[in-house]
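Colleague: If you read the sequences in order, they're chains A and B. Each residue of the first sequence is one higher than the one before, starting from 1 at the first, in the numbering used here. Each residue of the second sequence is one higher than the one before, starting from 285 at the first, in the numbering used here. Input: one structure, supplied below.
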Amino acid sequence: MSDLVQTTPVSSAVQRPRPKLVKMVSFGLGEKPTVAISVATGLAVAALWWLVAELDLVPNLFLPRPGEVLTQVGMLYYDGYAGASLSEHIFASLFRIVLAASIAIAAGIPLGLLMGLNRWAKGILDTPIEFYWPLPPLSYLPLMIIWLGIGETSKITLLVLAMFAPVCLSAQAGVRSLPIERVNAARSLGARPLELFIDIVLPSALPEILTGVRIAVGIGWGTLVAAELIASTRGIGFMIMSAAQFLATDVVFVGIGIIAICAFAFSAAIRFIEAVLVPWKGKL
Amino acid sequence: MLKVDHASVFFAARDGRPVHALDRVSFEIPESGFVVALGASGCGKSTLLNAIAGFLPLSDGAIILDGRPVRGPGADRGVVFQKDALLPWETVIDNVALGLKFAGVSKSERRARAHELLRLVGLGEFAKALPYELSGGMRQRVGIARALATEPDILLMDEPFGALDSLTREQMQELLISIWDRTAKRIFFITHSIEEALFLGTQVLVMSPRPGRVVARFDLDFVRRFAATGDARSIKSSPEFASLREEIRAILHSAEDLRSAA
Ligand SMILES: Nc1ncnc2c1ncn2[C@@H]1O[C@H](COP(=O)(O)OP(=O)(O)O)[C@@H](O)[C@H]1O
Ligand SMILES: [Mg+2]
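Below, the structure written as structure tokens:
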């Protein structure tokens with residue numbers, strides 16, 4: 001008995017094992033890593049593609065070989081496509097979506113917050129937003145072209161409209177979920193209306209706003225490519241459409257791949273911003 | 285002096301019938317007074333505190349702070365909430381400094397003062413932590429430090445220790461008494477614990493529900509005795525303390541019986 005009492009502290013002092021680090025058990029997926037699984041799935045799909053193409057299970061016109069697509073990337077890079085270099089096509093698309101997203105975010109956040117706070121703003125702005133938001137953007141693209149011409153303005157306006165609504169609606173939802181104690185605490189600490197808005201309302205709504213931005217960027221890519229398919233001479237969407245008309249399936253594949261990479265990079269960037277700005281999300 | 289004068293509150297309930305939450309409550313908090321409102325849940329304690337804080341207008345009556353009627357929230361009344369209302373994106377020290385920021389104090393100065401207050405509540409080492417990294421009791425202490433930072437004339441506390449374990453709760457009570465004793469602030473404190481009310485208050489208002497009324501008042505000096513001696517055990521085990529505890533328990537039970545009979 002006395003042995004036990006004496007040896008326990010001694011052994012733990014001499015050889016202290018590295019402590020096991022733990023976290024709160026979260027519900028659902030939580031923070032368990034999924035990257036390895038996703039990478040493995042991607043490799044499996046690529047392998048399947050290679051196999052199906054090599055064995056000629058599908059005609060080459062429908063499914064080019066991976067090698068051909070890679071070669072096509074190089075050729076497009078050096079020779080360009082339809083009178084513009086590959087980077088010009090990519091830049092044209094990125095320019096449109098980045099500019100439109102900036103405008104939609106810059107307008108959507110303040111207007112959404114205002115609509116969450118003010119009866120008049122809500123009443124007035126609800127009418128146009130609720131009317132146009134459920135429409136598929138492509139249904140009013142012809143109207144944009146009649147009004148604003150075939151140039152950049154109509155495409156960017158279309159994109160702004162498509163991306164504005166989710167940002168604006170999420171900012172409103174952010175205000176609605178603001179706990180009243182937080183507001184009351186700030187007011188009893190002497191916050192004036194503008195400080196309440198900037199220091200309390202805006203950061204409280206930030207998690208929901210970032211979710212809205214993610215949705216908006218997703219919608220943005222879909223709308224962008226569709227708009228470029230219909231009315232454009234530059235851009236990845238145009239490249240895909242034009243290549244399809246010449247049955248250049250490998251170019252279509254390259255275009256789709258570029259869009260996938262861009263969209264993935266955007267959503268990774270937003271996730272990174274989320275991790276930096278709202279590390280407390282879901283914890284309090 | 286804070287004067288609550290025949291304060292009544294009727295809430296507009298959803299079915300249109302008014303809910304009588306507070307019925308002509310009157311009391312005063314003198315300089316360095318520690319007034320505790322005690323009662324079961326639903327007897328209008330939070331309603332009363334929200335009215336004093338300026339979050340809720342009265343249906344009738346008046347609340348006068350140092351000669352001026354209360355019209356809205358202000359930095360002259362610091363509030364500590366039942367559920368801590370810290371900003372989850374700010375560090376502990378910036379949470380404490382929030383009121384100073386609104387008052388236009390420079391960043392370095394408000395950091396210095398916030399640090400002082402954090403040491404006062406025993407959280408000097410946690411200045412850089414985010415609120416979700418703290419325990420409930422620690423968050424509540426941050427809430428107290430934050431309310432003290434703007435040097436309010438009066439502290440309003442809505443069951444601040446209600447969610448704490450009894451050991452932490454006693455530590456927090458003693459911490460609060462030492463702050464009260466040192467700063468001579470007026471405190472309005474809400475609790476549903478008879479022991480807590482007796483131990484802390486210079487005056488205890490016993491409330492009964494439906495409508496919320498003050499049914500008894502006790503002027504006490506246990507808190508001054510504790511501030512002088514620091515001996516909580518002998519105070520809480522004194523026959524005086526025990527007999528008051530039983531007396532108040534009887535009042536609360538008869539209020540409850542009246543309600544269920546009605
Ligand atoms: N916003 C409200 N609308 C309607 N009734 C309310 C509201 N807030 C509180 N009440 C009612 O007022 C009474 C007192 O509530 P409250 O002050 O929260 O009690 P306590 O804090 O003592 O538990 C309760 O009957 C409650 O249902
Ligand atoms: Mg309450």
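Every residue gets a Cβ at the ideal spot worked out from N, C-alpha and C, and that includes glycine.
Use the C-beta contact count for Leu-143(A): other C-beta atoms within 10 angstroms, 16 or more gives buried, fewer gives exposed.
Modeller: Exposed, because fewer than 16 other Cβ atoms sit within 10 Å of the Cβ of Leu-143(A).
Colleague: For Leu-384(B), collect the residues of the same chain with a Cβ closer than 6 Å to its Cβ; drop the 5 residues on either side in sequence, then sort them by chain order.
Modeller: Cβ neighbours of Leu-384(B) beyond the five flanking positions: Arg-394 and Ala-433.
Colleague: I'd like to know whether the C-beta of Ala-534(B) is nearer than 8 Å to at least one C-beta of chain A.
Modeller: Output row for Ala-534(B): interface = no.
Colleague: Determine the contact status of Leu-332(B) and Ala-324(B), defining contact as a CB-CB distance below 8 Å.
Modeller: Not closer than 8 Å, so no.
Colleague: Could you check the C-alpha separation between Arg-533(B) and Leu-482(B) for me, to the nearest Å?
Modeller: In a straight line, the C-alpha of Arg-533(B) is about 12 Å away from that of Leu-482(B).
Colleague: Any idea what DSSP makes of Asp-280(B), helix, strand or coil?
Modeller: This structure leaves residue 280(B) out entirely; chain B is present only between 285 and 546.
Colleague: Please confirm whether Ile-342(A) and Ser-93(A) have their CB atoms less than 8 Å apart.
Modeller: This structure gives no information on residue 342(A), because the portion of chain A shown stretches from 1 to 284.
Colleague: Starting from Arg-361(B), find everything on chain A with Cβ-Cβ shorter than 7 Å and list it in chain order.
Modeller: Result: Ser-188.
Colleague: Using a Cβ cut-off of 9 Å, which residues of the region 166–193 of chain A contact any Cβ in chain B, in chain order?
Modeller: Residues Pro-179, Ile-180, Glu-181, Arg-182, Val-183, Asn-184, Ala-185, Ala-186, Arg-187, Ser-188, Leu-189, Gly-190, Ala-191 and Arg-192.
Colleague: Measure the C-alpha to C-alpha separation of Thr-153(A) and Leu-277(A) and round it to an integer number of angstroms.
Modeller: Roughly 33 Å between the two C-alpha positions.
Colleague: Determine, using beta carbons only, whether Val-278(A) comes closer than 8 Å to chain B.
Modeller: Yes, its Cβ sits closer than 8 Å to a Cβ of chain B.
Colleague: Measuring straight from C-alpha to C-alpha, what distance separates Ser-492(B) and Val-499(B)?
Modeller: One C-alpha to the other measures close to 6 Å.
Colleague: Establish whether the CB of Lys-367(B) and some CB of chain A are separated by less than 8 Å.
Modeller: It does: the Cβ of Lys-367(B) has a partner Cβ on chain A nearer than 8 Å.
Colleague: If you measure from the CB of Ser-412(B), is any heavy atom of ligand 1 nearer than 7 Å?
Modeller: According to the sequence as given, residue 412(B) is Lys; it is not Ser. False, no ligand heavy atom lies under 7 Å from that Cβ.
Colleague: Residue range of the beta strand (DSSP E) that Asp-344(B) falls in?
Modeller: Counting along the chain, the beta strand (DSSP E) containing Asp-344(B) begins and ends at 344–349.
Colleague: Please name the residue, chosen from Gly-222(A), Gly-42(A), Leu-210(A) and Ser-267(A), that lies closest to Arg-96(A) on a Cα-to-Cα basis.
Modeller: Residue Gly-222(A) is the option with its Cα nearest to Arg-96(A).
Colleague: Below 8 Å on the Cβ atoms is my guess for Gly-362(B) versus Pro-436(B); work out the distance and round it to an integer in Å.
Modeller: Right, their Cβ atoms sit about 4 Å apart.
Colleague: On a Cα-Cα basis, can you pick out the residue from Ile-471(B), Ile-519(B), Phe-506(B) and Arg-517(B) that is closest to Pro-314(B)?
Modeller: Measuring from the Cα of Pro-314(B), the nearest candidate turns out to be Ile-471(B).
Colleague: How would you list, in chain order, the residues of chain B whose beta-carbon sits under 8 Å from the beta-carbon of Pro-19(A)?
Modeller: Here the premise fails: no neighbours, minimum Cβ distance about 18 Å.
Colleague: Between Pro-203(A) and chain B, is there a C-beta pair that is closer than 8 Å?
Modeller: True, the Cβ-Cβ gap to chain B drops below 8 Å.
Colleague: Following the continuous beta strand (DSSP E) through Gly-362(B), name the residue where it begins and the one where it ends.
Modeller: Gly-362(B) -> beta strand (DSSP E) spans 361–364.
Colleague: Can you give the Cα-Cα distance for Ala-101(A) and Trp-120(A), rounded to whole angstroms?
Modeller: So the two alpha carbons sit approximately 26 Å from each other.
Colleague: Let's test the definition: count the other Cβ atoms within 10 Å of the Cβ of Lys-412(B) and tell me whether it reaches 16, buried, or not, exposed.
Modeller: Exposed is the call here.
Colleague: Classify Arg-352(B) as helix, strand or coil using the three-state DSSP reduction.
Modeller: Strand at Arg-352(B).
Colleague: Give a yes or no on whether the minimum CB-CB distance between Glu-208(A) and chain B is below 8 Å.
Modeller: Answer no: the Cβ-Cβ gap between Glu-208(A) and chain B never drops below 8 Å.
Colleague: Measuring CB to CB, does Glu-274(A) end up less than 8 Å from Leu-210(A)?
Modeller: Yes, the Cβ-Cβ distance between Glu-274(A) and Leu-210(A) is below 8 Å.
Colleague: Which term fits Phe-410(B), buried or exposed, when burial requires 16 or more other beta carbons within 10 angstroms of its beta carbon?
Modeller: By the 10 Å Cβ count, Phe-410(B) comes out buried.
Colleague: Quick one: complete beta strand (DSSP E) runs, 3+ long, within the region 171–235 of chain A?
Modeller: The qualifying runs do not exist here; there are none.
Colleague: Counting only runs of 3+ residues fully inside the region 396–450 of chain B, write out the beta strand (DSSP E) ranges in chain order.
Modeller: List check, beta strand (DSSP E) in window: 438–442.
Colleague: Determine, using beta carbons only, whether Glu-195(A) comes closer than 8 Å to chain B.
Modeller: Cβ-Cβ to chain B under 8 Å: yes for Glu-195(A).
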